[in-house]
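Heads up, the thing below is written out as structure tokens.
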Amino acid sequence: MAARQLSLSSSIARLHGDERTVGAPLNDAEFRAMRRTRLFGATGTVLMAIGALGAGARPVVQDPTFGVRLLNLPSRIQTVSLTMTTTGAVMMALAWLMLGRFALGNRRMSRSQLDHTLLLWIIPLLIAPPMYSKDVYSYLAQSQISANGLNPYKVGPAPGLGLDHVFTLSVPSLWRETPAPYGPLFLWVGRGISALTGENIVAAVLSHRVVVLLGVGMIVWAVPRLARRCGVAEVSALWLGAANPLLLMHLVAGIHNEALMLGLMLTGTEFALRGIDSAKPLWPRPMHWPHGRDQWAQWMPPAMLVLGSVLITMSSQVKLPGLLALGFVGMALAYRWGSTVRAFLLASAFMASLSLVVMAIIGWASGLGFGWVFTLGTANVVRSWMSPPTLLALGTGQVGILLGLGDHTTAVLSLTRAIGVLIIMITVTWLLLAVLRGKLHPVGGLGVALGATVLLFPVVQPWYLLWAIIPLAAWATRPGFRIATIAVSLVVGIFGPTANGDRFALFQIVDATLASTVIVLMLIAVTFHRLPWRTVPGTNETFSGQDPDPLQEPPAPRPVPGAYAESP
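Okay, here's the thing in structure tokens:
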């Protein structure tokens with residue numbers, strides 16, 4: 001019976017051109033191994049949450065653990081807390097890697113099984129202190145400045161609130177004088193949180209985590225739908241994108257507004273592409289309010305397109321990179337209208353006009369206007385080693401010093417960053433034209449464009465990688481891409497946050513790293529025959545990291561009007 005159902009499902013999938021989403025359910029041995037893997041990762045996130053009580057980015061004042069005997073213990077043994085946090089993060093990352101065994105093979109875990117796993121891993125992090133970053137305290141301070149009636153795009157936390165304010169005290173000294181670099185929609189949301197929680201720092205932090213959860217929820221909703229649109233298995237895309245350790249460590253535990261930006265951007269992209277796919281080549285006519293089901297059905301595609309474009313524009317009012325999606329949606333619309341110059345101009349004008357209207361409404365309603373435009377370069381004061389243009393300039397400057405030519409790092413930095421921005425512009429333009437000609441799917445173009453932006457951006461933080469990883473997870477299927485993404489996620493996730501919000505001495509970091517290594521090796525030895533480290537217990541199957549299903553790589557169809565080339 002199960003075989004007949006699978007055959008029927010496979011036939012239906014083939015009829016819809018969605019062959020790559022076919023996969024059999026897990027057998028009993030795989031199901032048991034998957035549940036053990038899920039618990040192993042959940043244990044890791046529990047250790048992260050406990051360790052964060054001593055190694056997390058706790059507030060300077062209003063720390064709820066202060067004076068509480070049991071909860072205050074981790075802060076007194078910071079090296080042990082750092083060891084727990086590091087060990088938990090490694091356990092969660094390794095569990096995610098093993099979970100790929102059940103997301104990429106011939107037999108896959110179900111969507112509900114992956115959703116339950118993701119939820120189980122997230123829950124322990126929800127009540128933990130912020131981890132790996134203190135950015136959330138900057139969010140609180142900038143939102144409070146706006147709530148006080150001041151312009152957060154002109155004054156920073158120290159001049160706007162005062163050095164002794166409860167929020168300013170927890171803001172890193174580097175950012176106490178700088179204005180807000182975020183969009184007005186995010187500060188508007190933050191102002192609402194300030195009005196709700198006042199100066200209660202714990203309630204405000206937890207409220208921002210709720211906003212992050214809303215963003216993660218939108219990501220989980222949009223990624224499988226975009227993956228289905230691109231012919232990629234939903235579970236595979238969710239595992240690589242939404243369940244990625246970087247998302248759990250930095251968006252959920254670190255409380256970064258990228259979650260809201262990505263959620264709005266991806267959800268808007270899905271709605272907009274729905275409207276484009278269902279729309280007629282031209283805007284429906286006559287232009288009057290519909291009466292009856294037929295007219296309403298005729299108006300639905302434009303409504304979906306407008307809704308999606310509005311959501312994308314809203315994402316840019318959290319952080320500007322979200323606006324890139326609007327360009328690819330516009331090129332998809334132009335392709336739907338015939339890929340002519342006239343179609344290109346009409347689609348571009350429509351998208352530009354709509355985005356400007358939405359930005360103006362948000363700026364007017366929030367009272368913050370367009371001041372965010374003048375503070376976009378605020379983060380450039382950071383010299384991030386993860387940014388290739390910045391790393392090249394820093395290396396060149398050091399070579400000049402060694403050769404006795406003087407320190408010209410700042411001048412070289414301006415040059416390399418300008419070249420990086422120029423390359424980003426050229427790359428994005430080429431990708432937009434590829435979508436316009438029907439040679440590239442807009443989801444793939446968006447992911448590659450964001451990848452180029454992250455790679456060549458003047459400042460790169462570990463969580464910026466999610467800008468590209470999540471949309472690309474819904475489009476790319478080549479094993480090479482998946483292996484590279486897995487490697488980057490593990491390396492950056494495990495080794496990137498050497499200091500997670502508090503200052504640790506070098507000996508503490510070394511001791512914690514060595515201790516974590518020993519503990520993880522012992523755990524691997526103890527669970528080697530119970531977890532799918534190499535083979536699934538009870539079977540002889542090994543995990544190659546590739547999808548052996550021959551249906552996973554069908555030949556790319558020839559592009560036709562309204563369709564795009566398959567993902568690589």
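So the sequence shown is numbered by UniProt numbering: it starts at 1 and just counts up by one.
Virtual Cβ for every residue (Gly too), placed ideally from N, Cα, C.
Because the structure is a prediction, the values reported are computed rather than measured.
query                                                                                                               : result
Leucine 251 versus leucine 119: straight-line alpha-carbon distance, rounded                                        : 14 Å
Three-state secondary structure assigned by DSSP to arginine 107                                                    : strand
Rounded C-alpha distance that separates arginine 417 from proline 458                                               : 6 Å
Rounded straight-line distance, which links the Cα of methionine 98 to that of leucine 161                          : 48 Å
Host alpha helix (DSSP H) of serine 207 (start-end)                                                                 : 201–230
Leucine 431 classed as buried or exposed, judged by whether at least 16 other C-beta atoms fall within 10 angstroms : buried
Contact under 7 Å by Cβ, tryptophan 467 with valine 454                                                             : yes
Stretch-stretch touch, CB-based, cutoff 8 Å, three pairs: the stretch 216–228 with the stretch 71–78                : no
Boundaries (first-last residue) of the alpha helix (DSSP H) holding glutamate 177                                   : Neither: glutamate 177 is in no alpha helix (DSSP H) and is coded neither H nor E.
Residue nearest to valine 171 in terms of C-alpha spacing, selected from Gly327, Gln144 and Arg191                  : Gln144
Per-residue DSSP class, three states only, for alanine 237                                                          : helix
For aspartate 115 and leucine 260, the rounded distance between their alpha carbons                                 : 19 Å
Buried or exposed by the 16-neighbour rule on C-beta atoms within 10 Å, applied to serine 138                       : buried
Closest Cα partner of arginine 111 within the set Ala29, Gly198, Ile193 and Ala242                                  : Ala242
Contact belief for tyrosine 153 with threonine 313 at Cβ below 8 Å, rounded distance in angstroms                   : That belief does not hold up - the Cβ atoms of tyrosine 153 and threonine 313 are roughly 19 Å apart, past 8 Å.
Identity of the residues DSSP links to alanine 24 by a beta bridge                                                  : Arg107
Supposed contact pair alanine 128 and alanine 42 - C-beta distance, whole angstroms, cut 8 Å                        : Not confirmed; about 14 Å, so no contact.
CB of leucine 311 within 7 Å of CB of leucine 368, strictly                                                         : no
Pairwise C-alpha distance: aspartate 135 and leucine 356                                                            : 29 Å
Backbone CA spacing between alanine 473 and leucine 163 [nearest angstrom]                                          : 44 Å
For threonine 517, three-class secondary structure by DSSP                                                          : helix
For threonine 197, the three-state DSSP class (helix, strand or coil)                                               : helix
Residue closest to serine 339, alpha-carbon to alpha-carbon, out of Phe370, Gly420, Leu262 and Leu436               : Leu436
Residue nearest to glutamate 258 in terms of C-alpha spacing, selected from Gly54, Leu413 and Val212                : Val212
Phenylalanine 350 versus alanine 147 - alpha carbon distance                                                        : 34 Å
4-residue-minimum alpha helix (DSSP H) runs that sit fully inside the stretch 50–79, ordered along the chain        : 69–76
Coarse secondary structure for threonine 340, derived from DSSP in three states                                     : coil
First and last residue of the uninterrupted alpha helix (DSSP H) at threonine 485                                   : 479–495
Own chain residues within Cβ distance below 6 Å of threonine 427, not counting five before or after                 : Ala452
Local Cβ density within 10 Å of glycine 529, reported as buried at 16 or more and exposed below that                : According to the sequence shown, residue 529 is histidine rather than glycine. Exposed.
Cβ-Cβ distance between threonine 396 and valine 412 below 7 Å                                                       : yes
Whole-angstrom distance between proline 124 and methionine 91, CA atom to CA atom                                   : 14 Å
Nearest-angstrom Cα separation, counted from arginine 36 out to asparagine 27                                       : 14 Å
Residue from Gly100, Thr178, Ala303 and Leu94 whose Cα sits closest to the Cα of aspartate 277                      : Ala303
Where serine 194 falls, given that 16 or more other Cβ within 10 Å makes a residue buried                           : buried
Through-space distance from arginine 209 to leucine 465, alpha-carbon basis                                         : 20 Å
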